[in-house]
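Residue numbers (the working numbering): 12 to 223.
For each residue, glycine too, the CB sits at the ideal point set by N, CA and C.
Given the structure is predicted, the values throughout are model-derived calculations rather than measurements.
A quick write-up on the structure given underneath.
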């Protein structure tokens, strides 16, 4: 059965946001009298939602829920300073119908929509599922299932595309094919994926258009 429905992770898959995430984290650390950490360190911390990002970026005994809220405020102020779609992403998005594409991210929904809108990406997607849109986040399959429901799509015709093992686990648990993106921030956790893309330009080759 040909694949014609595409679910995308956001950070590290569609957009390179590590610089702005690092800005938010380091502004928070500065307020707590902590030294800044590198973008590469922040990159390793991304993939499991904002709460886990902040937990990982602070000393274990320092984290409080108020720090998450403060990070979200600081990050929002710098959301679009340097964040851009990866080169080649628009080539693929331009070739498909919005009714067959969705964003499924662990990023909070309001920040996700603000980012997509600011980058003029909103119109590409028939569904957007944020980290707080469902009662669970990836790697749980519920966000993927919710996106499929909103697109009225069958899992056998869909693929979850992402740069982190949470994307692969969520897609597999929902019965989808998966595509691991090596250009992103995350890692595959040593697990398998149906496809492996080394550049956003690979997506058009891996997923040729299906004649209707």
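Within the segment 115-186, the beta strand (DSSP E) runs of at least 3 residues that lie entirely inside it are, in chain order, 138-140 and 169-173.
Within its own chain, the residues whose Cβ lies closer than 7 angstroms to the Cβ of residue 56, once the five positions on either side in sequence are excluded, are 64, 67 and 68, listed in chain order. Straight through space, the alpha carbons of residue 192 and residue 157 are spaced by roughly 22 angstroms.
Residue 148 and residue 46 have their C-alpha atoms spaced approximately 30 angstroms apart. Taking a cut-off of 8 angstroms for Cβ pairs, the segment 87-96 and the segment 27-35 touch, as three or more such pairs fall below it.
For residue 52, the uninterrupted alpha helix (DSSP H) segment begins and ends at 50-56.
If only uninterrupted beta strand (DSSP E) runs of at least 3 residues are considered, those enclosed by the segment 15-41 are 16-19. For residue 88, no beta strand (DSSP E) run applies; the uninterrupted alpha helix (DSSP H) run containing it begins and ends at 76-88, by DSSP.
Residue 20 and residue 49 have their C-alpha atoms spaced approximately 23 angstroms apart. Rounded to whole angstroms, the gap between the alpha carbons of residue 96 and residue 75 is 32 angstroms.
Under a 10 Å Cβ-count criterion, residue 37 is classified as buried, with 16 or more other Cβ atoms of the shown protein chains found around its own Cβ.
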